[in-house]
Structure formats: structure tokens, C-alpha cells
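Chains as they are written, first to last, in the working numbering: chain A, 10 to 761; chain B, 10 to 761.
Here a beta-carbon is modelled for each residue, glycine too, at the ideal position from N, C-alpha and C.
There are 2 protein chains.
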Amino acid sequence: MRVEHASWTSLLVKASLCISGILLATSVSAENITGFDKASTQTQRQLEAQFDQSINPAEQDVWLRKFSQKPHHVGSAAGKVIAEEVADLMKGWGYDTEIEKYEILLPTPKERLLQLVSPNQYTASLSEVSLAEDASTAEQTELLPPYNAFSTDGDVEGELVFINYGRPEDHALLERYGVSLKGKIAIAKYGKSWRGIKPKLAAEKGAIGTIIYSDPADDGYVVGDTYPEGPYKHETGVQRGSVMDMPTYPGDVLTPGVGATKNAKRLKRKNASTITKIPVLPISYKDAQPLLAAMGGATVPREWAGGLPITYHLGPGPAKVRLKLAFNWDMVTAYNVIARWEGSTYPNEWVIRGNHHDGWNHGAADPLSGMVALLAEAKAIAQLAKMGSPPARTIIYGVWDAEEPGLIGSTEWAEDNATDLKKHAVAYLNTDGNSRGFLSMGGSHTLEKFFNQVAADVDDPQTNVSLKKRLKARLAINGNKRQQAETRERSDVRLYPLGSGSDYTPFLQHLGIASANLAFSGEGNGGSYHTLYDTYEHFTRWRDPGLAYGEALARVAGRATLRLANAPQLPFEFVAFADNVALYIQELENLIEKMREETRVQNVQLDEGIFELALDPTKSLKAPTRQAEVPHLNFAPLKNSLARLQVTAEKYNRTIGNNTLSAKDQMKVNQMLYLTERKLTRPQGLTGRSWYKHHIYAPGFYTGYGVKTIPGVREAIEIRKFDEAGKQVTIAAEVLDSLTQQIQAILKLTAT
Amino acid sequence: MRVEHASWTSLLVKASLCISGILLATSVSAENITGFDKASTQTQRQLEAQFDQSINPAEQDVWLRKFSQKPHHVGSAAGKVIAEEVADLMKGWGYDTEIEKYEILLPTPKERLLQLVSPNQYTASLSEVSLAEDASTAEQTELLPPYNAFSTDGDVEGELVFINYGRPEDHALLERYGVSLKGKIAIAKYGKSWRGIKPKLAAEKGAIGTIIYSDPADDGYVVGDTYPEGPYKHETGVQRGSVMDMPTYPGDVLTPGVGATKNAKRLKRKNASTITKIPVLPISYKDAQPLLAAMGGATVPREWAGGLPITYHLGPGPAKVRLKLAFNWDMVTAYNVIARWEGSTYPNEWVIRGNHHDGWNHGAADPLSGMVALLAEAKAIAQLAKMGSPPARTIIYGVWDAEEPGLIGSTEWAEDNATDLKKHAVAYLNTDGNSRGFLSMGGSHTLEKFFNQVAADVDDPQTNVSLKKRLKARLAINGNKRQQAETRERSDVRLYPLGSGSDYTPFLQHLGIASANLAFSGEGNGGSYHTLYDTYEHFTRWRDPGLAYGEALARVAGRATLRLANAPQLPFEFVAFADNVALYIQELENLIEKMREETRVQNVQLDEGIFELALDPTKSLKAPTRQAEVPHLNFAPLKNSLARLQVTAEKYNRTIGNNTLSAKDQMKVNQMLYLTERKLTRPQGLTGRSWYKHHIYAPGFYTGYGVKTIPGVREAIEIRKFDEAGKQVTIAAEVLDSLTQQIQAILKLTAT
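Written out as C-alpha cells, the structure is:
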């Protein structure tokens, strides 16, 4: 149902009377909020102070406890119950709430077998033990055992080859060792690259199966005490996770590009290109040790050695394993909770705020720690609305299902509602897991100034300085050289560019909706991710005791939502965007320059035969393969486009607030502003993966979650397709020009 | 006995007749050997070809097998036998051979006890197991069990504190964690700094005892397969070694500065400042694991974690240990074998060539692999002499005893013969352990050009290119940035500057005799160093199969010895010396600049309180302590002196070979040339450690073996005594001026 309400501007004046005491107690900036004038800044700040008062960590704790009682993956009865309970809460607070359903393909394990068959025998347990210290771990109703979703079925037997993290550079080094994956089973460490990349690349190299394990050097006893003595990975803990080829397209594997509604046209499973080509299974380090210990061949390079008390070898063999996997390829229903509060002034401008609700297990950290913060915000915003301060724009909460197997709930909804979203969506703001630590802000750089202001207006619960100040302190002490320098040279903290890994992907990269992802992180580390041990007990002891950062997240994300909903002029800003693009272009120039120099030097060294002299002739590591020389690339088109954008962006900033626009023109300006992000997309998408439309941000085709900025150019350079890179420079330049033209059009309107 | 012989010049002509075929088979440089003219170059090359023919790796293998049959430390019956057998060999080949004896203090273990007393109990085995695969390990006659020589006696009990490698920077970090060593027992990893530094610094910080263990991440299973499957450290292997405070003075602890002859004046033991202040014991990683596993306190920084399958903690405690050590403080006899071949032309100019014979155990690698190469050279040189090509200068072989406990045999002999050595010694050339790999050349930079020529004239046994070429290939591929660049920009490879760790120290740093240290290394790694497993079996399987590099070492060191002995004009060269000093001065300037900038930034950060914001408030790591600002230092005196030296050195190079000197003047020039290194010393020595006289090279007072170039200045900067650093700049400038004046005096002579 929709609630009737007056416009937000009039009611905020009333609110200001009763909360002035709170305002005095908080140190807020004297400057205007971006997109607000002096008067509306004041009322907005009063609204935010009132909002803060409604955020109660104890309530988040109750929800966290309740929703994390049982495993609740998509397709489970418990998952459906959570969706219904979330919907009931939202409805109760006054949101127009629906559960929107999609029918999706979800493989679950039917058979899992991993055996070392020679030179000795070992059968992997493939199970995680319950702990007396953590009652939740005994609650295993509907528990999915450790597996990688969207592994293909298979029954293979072969010698093991250790591939480190399974990244392109790891395969390059393996080749120098003369170790082939053809007909072998790869064993890879979790980490450094997204898990789905590991079997994808291994299969390309000829492997017939892939095992992925969590090495104790990465999140086990090497890093710190293990659960339950500490937060790090229990010896039997296994990271579940999807290995769907999300860098090609995420979401339901059978319905790329369209919503997986009941009657949607579906691919046949055998034609779904995002299912792996070879069987993949995740295991614990306890199960990995006997396999690794049985391996021979060359000793791994020192940097590849992990934390098990053995010598790591590359193989192949003599360890031979059998890997047998069979899945139930069932259609299940994903339950997205969609809760709307219609905007009082601009009902057709939508601010979308999302977090998923499905977990691989109990999912206390992932996703519930973020979800309970979202609930707290939603409740507080509804209270404000009911007290007479409804949002000016429509706020839509999306509580997604089926994120874990492949961002499925959000992707299907985004695809299903693509036309409306492209027209109406102002921005998408995502959260997911949360923990104690520092504010981590990623997103569209047109919102960089905006989020910096938000971060300056919320205090860190541990140090009582603003989140921005604490984050800058961290960058000053622990950042890389550039980041350290920028803490002095640059007022704002850069947003990190978004790759993939959570539900912002369909909004940002498929639809071109300006997006952000917010979380706290850095002080609640551990090894519970996607294991049986991601429980309420683990979370509240090790990750965010008292949910102090749940409260902070609600304050940050809620404030951002409210500002986006209420700003008289939308807070997009292009100088910071251009500044980040300038950095990315510089990175591209440095990248190709470095490749050229390294290739040149290496080819000279190969000509001179000095690798043969420098390498130990009794070892198998050989000289690298010769690479074609790297040409110079013409970056001028891109830099000229950037220069035009910079000038235009500066001009836009100078005009803000100088003009009084009619309500109609202001609305037109706002619409043109939120459509700026669409200009960064092209309908034909990226080469080889047309689902991805954005030309500034994409997940790496060979890194997975890791972002590739200006991906067309960057990835062409990385795979040494320099002609293609040259073409992509022109395309990227056109994309920037398209944004520049949009800003120029806005300037024309505001100049009238 | 001394052999009668004609002068080398006449006889070499004869030699050339019979070995011309060999010359054709080898690719030798067309340029003159430094110090030789065209004619004498030719005869010298012929002599060297003949020399090479006499080097037989099979013979070295026989000696290695024989001398490594039993443990043979100083004071053992087996050690005395080796000295006698070496003396017999030398005598048999025609050398004037003496066993020169010194009476030295040697502590050996009487009682060793290490117990974990709480929270659980464990008694360390403190022993190494014999292996069926290695018969030598069962031969334990006179075996010294694992201990650190010159640990003081003690019986202490206290909580453990983990100090990583026990370096100054490790203690600085421990202080930031608020962990005090007062009244605690430190447990340190072997490696990164010399072992004696670990208890020295720990004691300064208030520790009452120190345990040192070899972590498997450094030379155990993490690095490669362990013995006997591979070369790396067996789980019970313990690195013995001296912890005498050698950076203060090496040699017999009771007779600093004088030879430990029977009637020498001796300190009382309690006044010997180089005995540790607290008890120290080395243990295996097998014994270390229960101790480390019982520790609590903060988790160590990630970089401190080792390779045991546990979480490492800093402590203090709760693990509490009792460490009880008592030693037999016995006087033993060190047997140096001194074998001389009097020079035919310049008998009063001495070329000294040394390698020790005592080992901690069987000592196959350390020191016998170097010693058998020395024997091969000595035999070949004697053969040449007996065939009519005796050395022009006197060659003295020193086969030292008691190197392991503290360079005692060589130091006592050098101190005992100081007056003669200062007058007559041309150079000291050292070897010690050897293995397969790359030529490692350290030494006085006045010999850099000389050793580069030697390395260019000997082929690598594996790749059949010159040793220099292979070394440059390694630097090009695996060197640091400067080294990589220099492989193209600089014709010669830099000698590494000598710190300490073998018998060159008394010659170079106490007496100012130009010295060098030669070895092959880099492809024969392992974990046998100073353990029971340094056996013939280990060495010939893993470190230098077939002793191919024993042969190469004999060729290199023998060639260097012959050239130094025969060069008409001694091959000292000063442009390379000045070039290296220029590098060191640049390092000093960079060092203080870096300290200044880091201090400045850190003090600003401390003023701003941003450490408190950046650090996790629930963890014990706190902000660093404020440091006084770093002043600018006046390097001009040193740089002006360097400039004068550079001009003079260039001038010297231009004059070489342009003058025909009388035999008498040539002798005078040569004497002045080899006295150049003396000019780099000052009688009063370094501040706080007057035994060390050299002002360009010294072992680090807080790093041990690691060299500190221009040590007066560098160490003053490092410990932030900037006034003292300023004074040391002037002293270093004077030292360089003194060398410049000596070269100018030579120029005056050659200009006549």
C-alpha cells in the first residue's frame, strides 16, 4: 500500500523544532550538502539527525539472531520464510511491498566424491564439523554441503597439478616449468582471483577437473587463531561459492538478458555458456593436505608455498585423484522482496537500495549483517515519512534472493524491469556483508563528492571522528604511495571502482545506473566466509560485537538514500569523475609502457640467451616464451575526450546554484543528470560479452570480481591484442564524449 | 723446507712450449692481465693453463670423503689429525710447513636443559637423529651436541616472548605492541641477522635468556624437500654456531688484539666482553613447535609468521620455560697449518691464501668443500714451482683452526704476526664453504678489476661460458634494479663489500690487508649448515655433485693467487674503488634523507593523532615513538675527498705501463701499492670497537656478519647520533685523502 503524505520540505521545519538539542550534540559540516541549498541543507540535516535516533543496534541484533538461525539458501524453505518475514516487516512499516518471484536453475549436490587413488589412498571428508562452542553449527536443517554452484557434472580421474591461485600469471609460470594441465586435475588455492576464474582458466589449459581449497596461509592458522579460539578458518571449513562464469553474464544461466519469469524463453542447459566446462569442488585444508603431500614434481616457487606443514610440489602426480560430481539441476523459485515508498515530489525518480537475503549457510555476516542495517534504515525512513517527512523521490528497497549462486535475484529483476529502470532509476545503492573497521566506498565516480560528504557527516563508533577522517588516517598510514600522498593533496577519498561480486552489477554494468557499494571492513577479518561457521556466534564475537558498525552502516547508507531521495538537484558531479578517468588513462599508458619495456628487455635477454645462464640447469624452470614487441598506442582520442570532459565538468560546477530553475526545468535537469551514467554504456556492450554495457567499469574477464576500468582498452592490452586496444580507445573516447554532450545539454538548460 | 728455483719469468717461456695445445683449446682474453705486460701476460696464461690441468676434482673428492668422516671441531682429536694430515700433504708437496698453535678458551656443553614448564610440559630433545640414508650421521665420535659457543652459563626461568629474527627493527615493533623483554626469555628465528646479534640485543632489552630455532619457512620444508629426500633442514636439525660478540672483536675472548700464545697475557673470563650476557641455546623446529604453540598474547604481524602449522603469538607467556646451560670453560689448542713457498723474486711480499679446517660436525660443506679446493691449488702451484715456475712472491697457505667458534685460529695468527703482516702482506684471499652455483666475489674494491679478469678467464662447468658472463646473466635476470641496469652500463661486476663471517676479518679489518672472499653459491642450497647433516653424503648429492664447483673454485682462487704472486706490477686499481665509495656515499645521503623524510612525516602524523585512528583500537599495536627530527649533514668533506681520489685514480690508470721502472723502483711501487689498503685504517679504530681499524668495511655492530660500508658514518646515522656522524664524515674524508696521497706518491715515483 501507498501512504499519503505532504511534501518533505514543509514537514522538515516542524521536525527541526523538536530535535535541535541533538543537532547541538553532533559536529556537522557548515557547508551545503551537494544538491541542496542552504535552507534545504538545514532541513535535511535535521531530518538526518532524527533518522539517526531511530537506528537501534539492539534491534538489528534481534533480526540477525532470528534470520541466521538456519541455513537459508535460495530454494530452501527457510529462505522463503525470511523473504516473507522481511516482506511482512516492510509492509508493517508502511511500504508498498511485493515478493517478486523468478524461476531459476539451481544445481545442488547429488553426489560428491573426491579420492586420492594413488600413490596412497585418502577419501576427502567434504564436511564441516559442528562445534560445541557454537550452537548454530549444529543446526543443519536444509544445509547445503560444500560445493561450487554451476560446476558441471563429471566423473574424472587424473594426476594433480598445483596451480597456485590459478591466475593467468600462475599458468604462465607453470608453462615455464614445462607443466601441462592437459588431462590433469588442477588443485588451486582460494583467493587472489575470483573462484570462478580458476576452473575457467584451468579448463582452457586442458584440465579435466579443478579442486579449490583454502590454504591456512590465506585465512587459516597462519593469519591468526582459528575458530572457535579466533576468527580464522577452522581446519574443516570450506568456502562454498558460485563458479558460474559471471564475467560473461550473471544471473540465471538459462535466461541471459531477460527476466527469468515463469514463461520466459529459456536456453537448454547444455547451451548455457556460464556453466563450467569441467567439474569443480571446494575442500578444506584438512582434506587438501593428504592430496598435496602425495604430490611430486618440482618444488613450487617460494611465493607459491602455502601454510601446510609440507613441501608443496607442482606435480603432475604422482598423486592421482578421482573427482565425481553429480548435481540436481532443479528449477527453484527466487523470492525478491520489493518494497516501495513513493516519492512525494518526484515519484518517477527512483532511488534503489538493495541487499540480498539468501546465504550459503546461516549467513550471519553474508548477507545478514548488511541486510539488518538495510531493515533498520527502511524502518527509520518509514517512520520519518509517517511523521510527515516522506522522501521526495521514490525509494525502492530490493531484498534480493539467489545472490550467492550468481547475483540471480537482482539480475533477473533488473532484466525484467530494464525498460522502467533505465528510465526512472536515479541510482542503486548496495550493501552486503559488514564488519568492524573502515568505511569502504565503491561506486560511480559521479557520486564521489556525494559519498565523501556522507562519510564526513557520520562518526566512527570506535574513535568518534568522522568516517572520512578515519578512512583518510588509514590511507595515510597503510595506503600505497599514491594513496598516502593523496590524503594530503586531495580533499576527497576516491571511491574504488566497482567490478563485481554483489548485486550492483546488473544495475551498474548492464543498465548503466549510477551505483555504489558500502560496507565496513578491515577489523573483522576471519575465515568464516561461505562456511558453516558464518554464524551469529562468530559474527557477534569476532566481526561486529554489539553491531556498532551495523548501526554505522545504517546511518551511512540511510543518509545517502535520504539525500538522493530529497536533493533538489541531484548530487552528480563530474570533476571527480574526470579526475578518476584521468588516473585510469594514466594507468593504461603506464601498463602498455611497462609491457613494452619488459617485452623489449626480455626479448634482448632471450636473444642473448642469458636466461639459460641465469637459471639452474638442473631445475625445470625454463626461459619465458618470446612475445611480440609492444607497439605504441594512440591515446590522443581518449585524452582529448577527457580534456573536453574536464572543461565541461568544471563549467558545470561553476553553474550550480547560480540559477533558479522552474520546477519543470529542475526536474528535467535532474532526469538528465541521472541519465549521465547511461551515457557510459553502449547497447552492443563489451567485445565478447555483450551483457556488460558499461565502458568504464567491468569485472575482469580473467580476474572475476576484480574491476577493470576502461575495460575495452585495458583487457585488449592485457591479452596483447593491440589493434583491438586501438579500436577500443576510440570507443572509450566516444563514450566520454557522449557524457560530455549530456553535461553540455544540462548546461544549456541551466543557462536559460 | 724451501725449494730452490729460478725466477718465474724465464721458466714460463719453457712452460709455454709444452702447453700451447691447451691454450688453443681455451678461449682466453686477448687483453693484458692487470699488472702484466703483453709478454708476461702470455707466459702467465700458459702457466695458468698448466695449472688448470693439475686440478682434479676426483682428488678433491677423496680428501673430502676422508676429512669429513668424523666431527672435527677445534679441540677434538679428529681436528688435530686433520691439521697434521694437511700439514703432511703440504710438506709432501714441498711447502715450508708448520703447525702453529694457540691456546684458546673454548666452552663446550656440560649441561643443556630446556623445558616448557607451563601451561603444559615439554622437554626439548636437543638432539639430532641419525639417518639410515646417511651413514656419516651415525659417526658421532667427539660430536658436540647443538649449542651456541660463548653463551654464558645460566639457569633461568621465564615467560617466552617471540622476537622474530631479533633485529633492531623487530624490537622496535615489539615495543609498539607494548611487549617488554624484561625478565623474559626471547625465542628468535635463525636468519636475517647474524645469530650473535639476537642474544646481544635481547639482553640489552632486558631478556634473561634466548632460544634460537630454525623456522621451516627459512630453510625447512617450506622451501623444499627435507633431508634425506631433499637438501633442506631435517626436523631435528639444529644450527650450531658462535654467539661471541664478534662485531666487538673476534678471536680468542681472553686475548683481544694479541696472539693467544702460551704465555700471552690473558683477561679473566669474567672480563671478556665478547661472551654473551645471557644464556643462549639453539634448537630444532621440532623442539620449537611445542614452545611456540603454548604461547599467547597478540598474534604476530603477518610477516613474522613462520612455517609451523600453528598460529604464532608474541607472548609474553603464558608459555614459561626453564633454560639451564653449563659449559666446560676449557683451554684448548688451535692448530693452524701454515705452509709457505718463498717467492723467487719478491720473497718479502706475501700473498696469503686461507681456508679453515675445523667444522662444527663432519663439516663437509663448511669448511671442507673450500679446503679441498685450497689443497688442490696448493698442490698444483707446488707442481708448477717444482717444474720450474715458482711464484715470484711468497705464497703462504693458512689452513685455520677454530674458525667456527669465532675466527679464532686466523685472528690469533694475524694478531701474533701483526707487525710482519702489516709490512709484507700483499693481499689475503679467503675461501670457506662452497657449492654449485654462481661465483660470489667479495673483497677490497682495489681488486675489483683484478677479480673480474679472473672471473672472465674461467669457465662455468655447467654452461661453458665464463664465470663472469654467467654471473652477469644472473644479475640481469635476478638482480635488484641497480644491478640489472649495471649489467649493461658497467663492464665489471661489483665485488660485494666484506662484513664478517670468515677468516678474512682479521686481515682486512684489523690489519688493513686487501682481502677477498670467493665461493660458488646459489644452486646448492639446503638446511645442513652447522648441523649433523653437513656430511659427505649430503654435500655430494645436493650441493656439488662431482665437485665440479670445487674444481672451478680451485681454478679461480689458484689463478688469483698465481697472478697476485707473479704480477710485475701489483694489480691494485683505484677507479673501481672510488666508484664503489661513490655508491656508498650516495647510499649514506639517501639513508639520512629517507630517515629525515620518514621522521618528518611520522611526526606530523603523530601530531595529528592519525595512528590512533588508523590502528585497530582493540589490538595492542600502538603508534610508534616520536623521534627527534633528522638534521642535514655536511657530506662535502667526504665528497671533496672522493673527487680528489677519483682524479688521482684516473691519473694512475693512465700512467700504467707508460714507464719503465728500475727493478728497485718497481719493487718500491709494488710495496706502496699493497700498502694502499693500510691507508684505509686508523690505529684508534672505530668508535667503541677499536679492534676494527678499517674505515670503509666493517661488520655491523647490530647486524653482525652484514657489512657496513663507511661504518663510522653509517652506524652513527643508523643509531641517530647525528653529531657523531658529522665527525665521522671528516674522519672518513681523511682516510680517503690518505689513500689519495699514497697514490700520488706512487705517481711521483712512476713519473721519474
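Ranges of the alpha helix (DSSP H) found wholly within the segment 293-325 of chain B, counting only runs of at least 4 = Residue ranges of uninterrupted alpha helix (DSSP H) with 4 or more members, entirely inside the segment 293-325 of chain B and ordered along the chain, are 294-302.
So, using beta-carbon positions, are Pro288 (chain A) and Lys242 (chain A) closer together than 9 Å?
-> No, they are not a contact pair.
Proximity test, Cβ basis, 9 Å: Ser36 (chain B) and chain A | The predicted model places Ser36 (chain B) with a pLDDT of 45, which falls under 50 and marks its position as unreliable; any figure quoted below should be read in that light. Judged by the 9 Å Cβ criterion, Ser36 (chain B) is not in contact with chain A.
Give the DSSP-derived three-state secondary structure of Lys432 (chain B) in the structure shown.
-> The answer is helix: DSSP assigns Lys432 (chain B) an H, G or I state.
Step through the CB atoms of chain A and report whether any lies within less than 9 Å of the CB of Gly316 (chain B).
-> With 9 Å as the cut-off, Gly316 (chain B) counts as an interface residue toward chain A.
Proximal chain B residues relative to Ile619 (chain A), where beta-carbon distance stays under 7 Å = Those are Ala482, Ala485 and Ile486, listed as they occur along chain B.
Neighbourhood of Gly715 (chain A) by C-beta distance below 6 Å, restricted to the same chain and skipping five residues each side = Here the set comprises Gly508 and Gly709.
Close Cβ partners of Gln753 (chain A) (< 7 Å) along its chain, the five nearest in sequence each way excluded = Non-local beta-carbon contacts of Gln753 (chain A) in its own chain, meaning distances under 7 Å to residues more than five positions away in sequence, involve Thr657 in chain order.
Spatial neighbours of His829 (chain A) within its chain, please: CB distance less than 6 Å, with the 5 preceding and 5 following residues excluded, ordered by chain position.
-> Since the first and last residues shown for chain A are 10 and 761, residue 829 (chain A) lies out of range.
is_contact[Thr308 (chain B), chain A] using C-beta, thresh 9 Å | By the rule that beta-carbons nearer than 9 Å mark a contact, Thr308 (chain B) touches chain A.
Contact between the segment 320-333 of chain B and the segment 637-650 of chain B (3+ Cβ pairs under 8 Å) | Remark: fewer than three beta-carbon pairs, one from each stretch, lie closer than 8 Å, so the segment 320-333 of chain B and the segment 637-650 of chain B are not flagged as touching.
Interface positions of the segment 465-480 of chain A facing chain B (Cβ-Cβ less than 7 Å), listed along the chain = Closer than 7 Å at the C-beta level to chain B, one finds these residues of the segment 465-480 of chain A: Gln471, Thr472, Val474, Lys478 and Arg479.
Kindly indicate which three-state DSSP category Glu582 (chain B) falls into: helix, strand or coil?
-> Under the three-state reduction of DSSP, Glu582 (chain B) is assigned to coil, being neither helix nor strand.
What's the C-alpha gap between Lys477 (chain A) and Leu448 (chain A)?
-> So the alpha carbons of these two residues sit roughly 8 Å apart.
With DSSP as the reference, please indicate the residues paired to Pro116 (chain B) in a beta bridge.
-> DSSP lists B:Trp338 as partners of Pro116 (chain B).
List the residues that DSSP assigns as beta-bridge partners of Arg402 (chain B).
-> Note: Arg402 (chain B) sits in a beta bridge opposite B:Tyr355.
My guess is that Phe159 (chain A) and Thr285 (chain A) are in contact by the Cβ rule of under 8 Å, so how many angstroms apart are they, rounded?
-> The C-beta distance from Phe159 (chain A) to Thr285 (chain A) rounds to 6 Å, short enough to fall under 8 Å.
Please list the partners that Val231 (chain B) has in chain A, where partner means a Cβ-to-Cβ separation under 7 Å.
-> Identification of chain A residues near Val231 (chain B) by a Cβ-Cβ cut-off of 7 Å yields Ala314, ordered along the chain.
Can you pull the chain E residues whose beta carbon is under 9 Å from the beta carbon of Gln614 (chain A), in chain order?
-> No chain E appears in this structure, whose protein chains are A and B.
Throw me the rounded Cβ distance for the Trp359 (chain B) and Val435 (chain B) pair, which I believe falls under 8 Å.
-> Contact between Trp359 (chain B) and Val435 (chain B) is confirmed by a C-beta separation of about 6 Å, below the 8 Å threshold.
Between the segment 315-340 of chain B and chain A, which residues of the former have a C-beta closer than 8 Å to a C-beta of the latter?
-> Gly316, Leu317, Pro318, Ile319 and Thr320: these are the residues of the segment 315-340 of chain B whose beta carbon lies less than 8 Å from some beta carbon of chain A, given in chain order.
Going by C-alpha distance, which of B:Asn473, B:Ala528, B:Arg204 and B:Gln595 is nearest Pro414 (chain B)?
-> Ranked by Cα distance from Pro414 (chain B), the options B:Asn473, B:Ala528, B:Arg204 and B:Gln595 are led by B:Arg204.
Between which two residues does the beta strand (DSSP E) carrying Glu166 (chain A) extend?
-> Secondary structure note for Glu166 (chain A): its beta strand (DSSP E) is the uninterrupted segment Gly163 to Phe171.
Min CB distance Leu622 (chain B) to chain A below 9 Å = Output row for Leu622 (chain B): interface = yes.
Quick one: which chain B residues come within Cβ less than 8 Å of Pro626 (chain A)?
-> Within chain B, the residues near Pro626 (chain A) are Gln471 and Thr472.
Residues that Asp234 (chain A) contacts on chain B, provided the C-beta gap is smaller than 9 Å = Chain order gives the chain B residues near Asp234 (chain A) as Thr308, Thr320 and His322, where near means a beta carbon separation below 9 Å.
Which value, in whole angstroms, describes the spacing of the CA atoms of Ser353 (chain A) and Ala574 (chain A)?
-> Rounded to the nearest angstrom, the two C-alpha atoms are 10 Å apart.
Segment limits, beta strand (DSSP E) that includes Met450 (chain A) = Here the beta strand (DSSP E) through Met450 (chain A) covers Gly446 to Gly452.
Out of curiosity, what's the CA-to-CA distance linking Ala741 (chain A) and Lys603 (chain A)?
-> Going from the Cα of Ala741 (chain A) to the Cα of Lys603 (chain A) covers about 21 Å.
Would you tell me roughly how many angstroms separate the C-alpha atoms of Ile728 (chain A) and Ile42 (chain A), rounded to the nearest one?
-> C-alpha of Ile728 (chain A) to C-alpha of Ile42 (chain A): approximately 44 Å in a straight line.
Report yes if the CB atom of Asn526 (chain B) is closer than 9 Å to the CB atom of Asn426 (chain B), and no otherwise.
-> No, they are not a contact pair.
Measure how close the beta-carbons of Thr146 (chain A) and Tyr542 (chain A) come, nearest whole angstrom, since I'm counting them as under 8 Å.
-> Their Cβ separation, rounded to whole angstroms, is 7 Å, which keeps Thr146 (chain A) and Tyr542 (chain A) in contact under 8 Å.
Are the C-beta atoms of Tyr241 (chain B) and some chain A residue less than 9 Å apart?
-> Answer yes: the Cβ-Cβ gap between Tyr241 (chain B) and chain A drops below 9 Å somewhere.
Applying the criterion that 16 or more other CB atoms from any shown protein chain within 10 Å of the CB defines a buried residue, is Val408 (chain A) buried or exposed?
-> So Val408 (chain A) ends up on the buried side.
Relative to chain B, which residues along the segment 509-541 of chain A have a C-beta separation below 9 Å, given in chain order?
-> For chain B, the residues of the segment 509-541 of chain A that bring a beta carbon within less than 9 Å of one of its beta carbons are Gly531 and Glu532, in chain order.
In chain B, which residues lie with their C-beta within 7 Å of the C-beta of Arg311 (chain A)?
-> What Arg311 (chain A) touches in chain B: Val232.
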